[in-house]
Amino acid sequence: MNIFRLIGDLSHLLAIIILLRKIWKSRSCAGISGKSQLLFAIVYTSRYLDLLTVYVSMYNTLMKLVFIAASYATCYLIYLKFKATYDHNHDTFRIEFLLVPAVILALLINHDFMALEILWTFSIYLESVAILPQLFMVSKTGEAESITSHYLFALGSYRGLYILNWIYRYAMEDHYDLIAIVAGVVQTVLYCDFFYLYITKVLRGKKLQLPA
Amino acid sequence: GKYSNKKDEL
Numbered sequence: 010m011n012i013f014r015l016i017g018d019l020s021h022l023l024a025i026i027i028l029l030r031k032i033w034k035s036r037s038c039a040g041i042s043g044k045s046q047l048l049f050a051i052v053y054t055s056r057y058l059d060l061l062t063v064y065v066s067m068y069n070t071l072m073k074l075v076f077i078a079a080s081y082a083t084c085y086l087i088y089l090k091f092k093a094t095y096d097h098n099h100d101t102f103r104i105e106f107l108l109v110p111a112v113i114l115a116l117l118i119n120h121d122f123m124a125l126e127i128l129w130t131f132s133i134y135l136e137s138v139a140i141l142p143q144l145f146m147v148s149k150t151g152e153a154e155s156i157t158s159h160y161l162f163a164l165g166s167y168r169g170l171y172i173l174n175w176i177y178r179y180a181m182e183d184h185y186d187l188i189a190i191v192a193g194v195v196q197t198v199l200y201c202d203f204f205y206l207y208i209t210k211v212l213r214g215k216k217l218q219l220p221a
Numbered sequence: 011g012k013y014s015n016k017k018d019e020l
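As given, the protein sequences belong to chains A and B, one line each in that order.
Per our numbering, the first sequence starts with residue 10, numbered consecutively.
Per our numbering, the second sequence starts with residue 11, numbered consecutively.
As structure tokens, then:
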């Protein structure tokens, strides 16, 4: 564990809490892409199946369980409890365009052709693009609530911090995983446009509004 | 090995 990974994980945790809290407090999931949340639930489920086979640490186990539970809770709030507030007319990204390539790529480019390993690889590829339905929704409506912007910023920062963690691990432990690194860079790049808007608008007290 | 190594990340 190094400081970049710890802050990255905490940022990830913070993002999940911000989102759950926002939906719960406002009793509404307006502006939130259910499809992105569904993809995240698939990501955590397929990646953390190793909970059943290997024990890393109490921290590792707890965080995995929290991520899985929170992603299911978020989907439950969006698709069942606060279904009436779900803005599905604006959540029109075709997720099969992300799911199918992630499956094919995981079958073609992986470290080992074994079920758990392929599922892990699939989850890494899918995570890198899972936010696209949410970003698509923001661009379609042309705006996002501040709290949704904070959520996106915390979630985007997490993988960016992981890049620093991978650089650190490569330098200090001679450890690296190209699949995670390339996917993590792609994931972070997808947020760049949003980061720019967040820093120039939201942090200055303005609403995140895209030019018409 | 690399398999167990990367599983410590989330």
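All residues carry an ideal CB built from backbone N, CA and C; glycine is no exception.
Bear in mind the structure is a predicted one, so any value in this text is a computation, not a measurement.
Out of the options, state which residue places its alpha-carbon closest to the alpha-carbon of residue i.
i: F91 (chain A); options: A:F106, A:D121, A:A39; result: A:A39
i: D59 (chain A); options: A:K73, A:M67, A:L114; result: A:K73
i: L36 (chain A); options: A:F49, A:V75, A:T54, A:Y95; result: Looking at the sequence shown, residue 36 (chain A) is not Leu but Arg. That would be A:Y95, whose Cα lies nearest to the Cα of R36 (chain A).
i: I87 (chain A); options: A:V52, A:D100, A:K216; result: A:D100
i: G214 (chain A); options: A:N98, A:Q196, A:G193, A:H159; result: A:H159
i: I104 (chain A); options: A:E136, A:W129, A:L116; result: A:E136
i: L144 (chain A); options: A:Q196, A:I12, A:I190, A:I26; result: A:Q196
i: V112 (chain A); options: A:F102, A:N98, A:Y134; result: A:Y134
i: L161 (chain A); options: A:K31, A:L71, A:F13; result: A:K31
i: F102 (chain A); options: A:Y85, A:V52, A:K149, A:L114; result: A:K149
i: L89 (chain A); options: A:L47, A:L212, A:Q218, A:L71; result: A:L47
Cβ closer than 9 Å: which chain B residues qualify as neighbours of residue i?
i: D59 (chain A); result: K17
i: R168 (chain A); result: Here the premise fails: no neighbours, minimum Cβ distance about 11 Å.
i: N69 (chain A); result: K17, D18, E19, L20
If the criterion is Cβ atoms closer than 8 Å, does the pair residue i and residue j meet it?
i: P142 (chain A); j: S42 (chain A); result: yes
i: Y167 (chain A); j: H21 (chain A); result: yes
i: L107 (chain A); j: V147 (chain A); result: no
i: T62 (chain A); j: L116 (chain A); result: no
i: T55 (chain A); j: L128 (chain A); result: Reading off the sequence, residue 55 (chain A) comes out as Ser, not Thr. Cβ distance < 8 Å, so S55 (chain A) and L128 (chain A) count as in contact.
i: I140 (chain A); j: S66 (chain A); result: no
i: D18 (chain B); j: N11 (chain A); result: no
i: G17 (chain A); j: L170 (chain A); result: yes
i: Y64 (chain A); j: I77 (chain A); result: no
i: L219 (chain A); j: G151 (chain A); result: yes
Please list, in chain order, the chain B residues whose beta carbon lies closer than 8 Å to that of residue i.
i: N11 (chain A); result: Residues of chain B passing the Cβ test: none, with the nearest at roughly 11 Å.
i: D18 (chain A); result: L20
i: V195 (chain A); result: Chain B residues near V195 (chain A): none, gap ~17 Å exceeds 8 Å.
i: V65 (chain A); result: K17, D18
Which whole-angstrom value is the C-beta distance of residue i and residue j, which I expect to be below 8 Å?
i: F131 (chain A); j: S80 (chain A); result: The pair is not a contact, with the Cβ atoms about 16 Å apart (cut-off 8 Å).
i: L29 (chain A); j: T83 (chain A); result: 6 Å
If the cut is a Cβ gap below 7 Å, which residues of chain B does residue i touch?
i: M72 (chain A); result: L20
Using 8 Å as the threshold, is the segment 111 to 120 of chain A in touch with the segment 170 to 177 of chain A, meaning 3 or more CB pairs across them? The segment 111 to 120 of chain A and the segment 170 to 177 of chain A do not touch, with fewer than 3 CB-CB distances between them shorter than 8 Å.
Would you call the segment 182 to 193 of chain A in contact with the segment 151 to 159 of chain A, where contact means no fewer than 3 C-beta pairs closer than 8 Å? No: the two stretches stay apart, fewer than three of their Cβ pairs being nearer than 8 Å.
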